[in-house]
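*Asks:*
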Amino acid sequence: MAQTTAPPLEISEGTVDVVEKVAVEVAKLPAVATDVAKVATSSARTNFGYLVAAILFILGIKGMTHPRTAVRGNQLGAIGMLVAVVITLLAGGVNWSVVIIGMAVGTAGGVWLANTVQMTQMPQLVALFNGFGGIASVLVAGAEVLKGTDSVAAFAAGLTGLIGSVTFTGSLIAAGKLQELPQFKKPWSFSGQQAVCAALLALALLFAWGMTDGGGEYFFLVIVSLVLGVFLVTPIGGADMPVVIALLNSYSGLAAAAAGFVINNNVLIIAGSLVGASGLILCNIMCKAMNRSLTNVLFGKFEATGESASADSVYEGKIKRTSADEVAMMLDGVQRVVIVPGYGLAVAQAQHAVRDLANLLEAEGATVEYAIHPVAGRMPGHMNVLLAEADVPYDQLKEMDEINPTFAQCDVAIVIGANDVVNPVADTDPTSPIAGMPILNVSEARTVIMIKRSLSPGFAGIPNPLFAADNCLMLFGDGKKVLVDLIAALKEN
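Each residue of the sequence shown is one higher than the one before, starting from 29 at the first, in this note's numbering.
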């Protein structure tokens with residue numbers, strides 16, 4: 029049987045080209061796999077670094093919950109931020125010239141502030157730092173909007189612009205109030221201001237919802253939000269600034285977290301969320317210490333609900349003045365002294381003088397403690413910061429709940445520049461503006477020495493019956509000068 033041969037396979041030139049291209053691409057697969065592995069490894073390293081930074085942030089916040097560990101907590105937080113910055117820079121995609129210029133300017137500014145700002149100006153500085161954080165988030169989100177982004181990220185950018193802008197102008201107003209600048213010192217408002225604020229907020233949210241590429245809506249959103257920040261803070265009095273600063277700190281954190289969603293940065297989301305949550309918790313703690321709600325602080329007025337006693341009826345013929353020499357004789361041989369610092373201590377910059385007085389009393393065998401009210405001063409932890417700057421031992425600082433049950437065993441309580449936080453009206457008059465506010469039970473001490481410039485009321489604007497109590501002596505004058513005179517009198521005795 030004859031054999032047949034198959035016709036030769038004809039391969040077109042097009043098929044050859046396709047095969048060659050496939051072969052070339054297959055040959056590239058190992059290199060592509062290597063590149064993918066490198067990217068995956070780099071991403072894993074970046075995320076691991078961010079995880080380390082987040083853990084350090086959490087440990088830092090935990091450390092700052094107690095004065096004894098506050099320094100270590102601050103250091104851990106700073107190390108965490110350093111790790112986050114280094115990891116971000118090593119991930120690539122940055123303009124090193126811009127980074128170096130920014131670091132140089134920031135470092136120079138930080139060194140200048142560290143050498144020029146006094147410890148008594150810490151509230152103002154904290155307020156400014158909150159504002160700087162807010163405006164930084166605004167700029168980051170704005171840059172992403174101009175580059176072009178998807179709708180979800182655009183809405184996140186809008187929220188960043190809203191929160192960050194409110195934080196910026198609100199913090200500037202708060203700093204002005206704390207600095208007691210004439211144009212910011214007194215609360216300022218106008219009829220219908222709350223309605224205007226609500227309208228501005230709605231308009232800003234509308235801009236955020238309709239955010240598109242190009243930045244036009246973002247620009248108008250930022251302008252509206254800047255005005256909103258001014259109107260929100262101007263009506264609030266100086267004594268409420270601790271709550272306002274904590275809230276603005278929370279806002280700066282939320283702005284940073286929103287910016288993290290815009291640029292898809294995990295560590296920014298984590299850090300911002302931690303700051304935002306901790307700030308809100310601190311707000312809640314201080315509002316409870318004032319027996320007021322956050323909405324009352326932001327939108328309410330601090331005024332009496334009934335008839336308040338006049339200063340004349342409370343003080344007339346009942347005020348007992350004393351002198352540094354008399355107080356020095358009274359302190360001779362005492363066993364236990366409790367010092368109650370207030371905003372007047374900060375104004376007089378008397379923290380070092382009060383530490384010198386405590387050292388002198390301790391040398392004579394007395395036990396000295398400091399009673400700290402949560403809202404004393406003009407920022408969260410204001411008294412703690414001042415006393416720490418004067419090297420007062422942490423174990424001598426006693427919180428209100430700890431010190432209150434022991435005032436009855438106190439020989440002498442020395443109140444320096446505090447008023448509303450020691451006013452017994454909070455417990456006795458349900459119609460007073462501070463009714464129900466937890467106070468330091470100074471009136472239970474055997475003798476109370478009130479160091480004040482005058483009989484002027486505190487922020488609540490009501491008389492303090494403690495000044496006229498049988499066991500209270502008024503030592504009028506500047507806090508620092510009075511303490512210096514008292515120390516001199518003690519040494520002479």
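We treat Cβ as the ideally placed atom computed from N, Cα and C, and that holds for glycine.
Small disclaimer: the values here were computed from a predicted structure and weren't measured.
(1) With which residues is R364 paired in a DSSP beta bridge?
(2) In three-state DSSP terms, what is E208?
(3) From which residue to which residue does the beta strand (DSSP E) around L501 run?
(4) By the three-class DSSP mapping on this structure, what secondary structure does E344 have?
(5) Which residues mark the beginning and the end of the beta strand (DSSP E) in which K508 is found?
(6) Would you report the Cα separation of T188 and S165, rounded to the nearest angstrom?
(7) With H, G and I counted as helix, E and B as strand and the rest as coil, what does DSSP make of I444?
(8) Measuring alpha carbon to alpha carbon, tell me which residue in Y371, L296, L229, A496 is nearest P270.
(9) Tell me whether F76 is buried or exposed, calling it buried when 16 or more other Cβ atoms sit within 10 Å of its Cβ.
(10) Contact check, S199 vs G244 under 8 Å by CB: the rounded distance?
(11) Just confirm the distance between the C-beta atoms of I191 and Y279, as a whole number of angstroms; I'd bet it's less than 8 Å.
(12) So if DSSP puts E427 in a beta bridge, which residue, or which two residues, is it bridged to?
(13) Quick one: is A136 buried, meaning 16 or more other Cβ sit within 10 Å of its Cβ, or exposed?
(14) Run through DSSP, which three-state label would L385 get?
(15) On the DSSP letters alone, give me the boundaries of the alpha helix (DSSP H) that K522 sits inside.
(16) Can the beta-carbon of V440 be found less than 9 Å from the beta-carbon of T395?
(17) Residues in its own chain within less than 6 Å of G204 by CB, not counting five upstream and five downstream?
(18) Considering only DSSP beta bridges, list what K480 is partnered with.
(19) As a quick exercise: from Q377, A399, L249, V111, pick the residue whose alpha carbon is nearest that of A299.
(20) So Q222 is in the alpha helix (DSSP H); what residue range does that whole segment cover?
(21) Flag this pair as yes or no: are the beta carbons of A72 and A169 separated by less than 9 Å?
(22) Could you say which of I273, I442, G345 lies nearest to L355 if we only look at CA atoms?
*Replies:* On the basis of the supplied data:
(1) T395
(2) In the three-state reduction of the DSSP assignment, E208 falls in the coil class.
(3) 500 to 504
(4) Residue state, collapsed to three classes: coil.
(5) In this chain, K508 is not harboured by any beta strand (DSSP E); it is covered by the alpha helix (DSSP H) spanning 507 to 520.
(6) 7 Å
(7) strand
(8) Y371
(9) exposed
(10) Going by Cβ atoms, the distance from S199 to G244 rounds to 26 Å, so no, they are not a contact pair.
(11) 5 Å
(12) I400
(13) exposed
(14) It is helical.
(15) Any property of residue 522 remains undetermined from this structure, which presents the chain solely from 29 to 521.
(16) no
(17) For G204, same chain residues with a beta-carbon under 6 Å away, outside a window of 5 residues either side, are F212 in chain order.
(18) F504
(19) V111
(20) First-last of the alpha helix (DSSP H) with Q222: 221 to 237.
(21) Cβ distance not < 9 Å, so A72 and A169 don't count as in contact.
(22) Checking the sequence shown, residue 355 turns out to be Val, not Leu. Minimum Cα-Cα distance from V355 among the listed residues I273, I442, G345 corresponds to I442.
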